[in-house]
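Novice: Numbering (our numbering), first residue to last: 123 to 345.
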């Protein structure tokens, strides 16, 4: 199953978008990763989104509101992308992912630490035939350290970072920010990091591994 949410940039005007010609393989789901790849698509990159063959991205079913049976949450965070549904755990699905990665400039994933390597789509596997690859890994607590294996959720990050303690009434209980703010900020920081890596690659000719975590991004909000 394939699906195209992209539009021809030329229809909006003659100006060339800065990331035209850049290809992104999006292995992420829900929000932090999809937000980053959405922003790259907005800047002109061609984004290939890989979705679970059984139902697609989790957020497709997050309704209401919805449009033609698909949640507007999903449509917003995945605008400008081309989707393909496959089973990465199957030999055929894995082969397709690796083939796309060999053609990509950027890979974005937000699996729990160690999962991408276990699936055979980690940085070492995908960058071996493509040394120019920029690989952005987004997780709750980063790829190393005592909490690396823990899953990351926005409301947990808001609580653990102390963000809830400075939100709400001064004499009230800690309060969660109404949107998934740590996911959104991590998506923004991921985009910033990817753009910096692209700039460096123009000089060195080499890609690199980017390790982004929700908890780091949440803590950065407390400045």
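Think of the CB as a built atom: it goes at the ideal place given N, C-alpha and C, for glycine as much as any other residue.
All figures in this text were calculated on a predicted structure; none of them were measured in a lab.
1. Determine the closest residue to residue 283 out of 230, 205, 263, 220, with distance taken between C-alpha atoms.
2. For the stretch 210-224 and the stretch 182-195, state whether three or more C-beta atom pairs, one from each stretch, are separated by less than 8 Å.
3. Report the residue from 158, 152, 151 whose alpha carbon sits nearest the alpha carbon of residue 307.
4. To test your reading of the DSSP string, which unbroken alpha helix (DSSP H) runs of 4 or more residues are found completely within the stretch 257-344?
5. Whose CA, out of 292, 201, 196, 184, lies closest to the CA of residue 168?
6. Rounded to a whole number of angstroms, what is the C-alpha to C-alpha distance between residue 173 and residue 241?
7. Here's a check: name, in chain order, each residue in its chain whose Cβ is nearer than 7 Å to the Cβ of residue 339, leaving out the five neighbours to either side.
8. State buried or exposed for residue 176, treating a residue as buried only when at least 16 other CB atoms are found within 10 Å of its CB.
9. Check each candidate in 137, 314, 322, 179 and name the one with the smallest Cα separation from residue 150.
10. Less than 8 Å separating the beta-carbons of residue 229 and residue 208?
11. With a threshold of 7 Å on Cβ separation, who are the neighbours of residue 286 within its own chain once the five nearest residues in sequence on each side are excluded?
12. Based on the DSSP output, what are the partners of residue 165 in its beta bridges?
13. For residue 161 and residue 193, I'd like the C-alpha separation in whole angstroms.
14. Going by DSSP, which residues form a beta bridge with residue 189?
15. Residue 334 and residue 288 - do their beta-carbons sit closer together than 8 Å?
Specialist: On the basis of the data shown:
1. For the purposes of this step, residue 283 is identified with residue 161 of the chain shown, where counting begins at 1. Closest option to residue 283, Cα to Cα, is 263.
2. no
3. As a position in the chain shown, residue 307 is number 185, starting the count at 1. Taking only the C-alpha atoms, the option nearest residue 307 is 158.
4. 276-283, 303-326, 336-342
5. Here the question's residue 168 lines up with position 46 in the chain shown. Among 292, 201, 196, 184, the Cα nearest to that of residue 168 belongs to 201.
6. Taking the first residue of the chain shown as 1, we reach residue 173 at position 51. Taking the first residue of the chain shown as 1, we reach residue 241 at position 119. So the alpha carbons of these two residues sit roughly 14 Å apart.
7. Residue numbering aside, residue 339 sits at position 217 when the chain shown is read from its first letter. Closer than 7 Å at Cβ, skipping near neighbours: 304, 307, 308, 311.
8. Numbered from 1 along the chain shown, position 54 holds the residue referred to as residue 176. So residue 176 counts as exposed.
9. The residue given as residue 150 occupies position 28 in the chain shown. For the residues 137, 314, 322, 179, the minimum Cα distance to residue 150 belongs to 179.
10. If you number the chain shown from 1, residue 229 lands on position 107. If you number the chain shown from 1, residue 208 lands on position 86. It is not a contact, given that the beta carbons lie outside the stated cut-off.
11. Along the chain shown, one-based indexing puts residue 286 at 164. 280, 296, 297, 298.
12. Within the chain shown, the letter at position 43 stands for residue 165. DSSP, once it has assigned bridges, lists no residue as partnering residue 165.
13. Residue numbering aside, residue 161 sits at position 39 when the chain shown is read from its first letter. Residue numbering aside, residue 193 sits at position 71 when the chain shown is read from its first letter. Spanning the two alpha carbons is a distance of roughly 19 Å.
14. On the chain shown, residue 189 is found 67 positions in, with the first residue counted as 1. Its beta-bridge partners are 192.
15. To locate residue 288, count along the chain shown from 1; it is residue 166. To locate residue 334, count along the chain shown from 1; it is residue 212. No; because the gap between Cβ atoms is not below 8 Å, this pair is not in contact.
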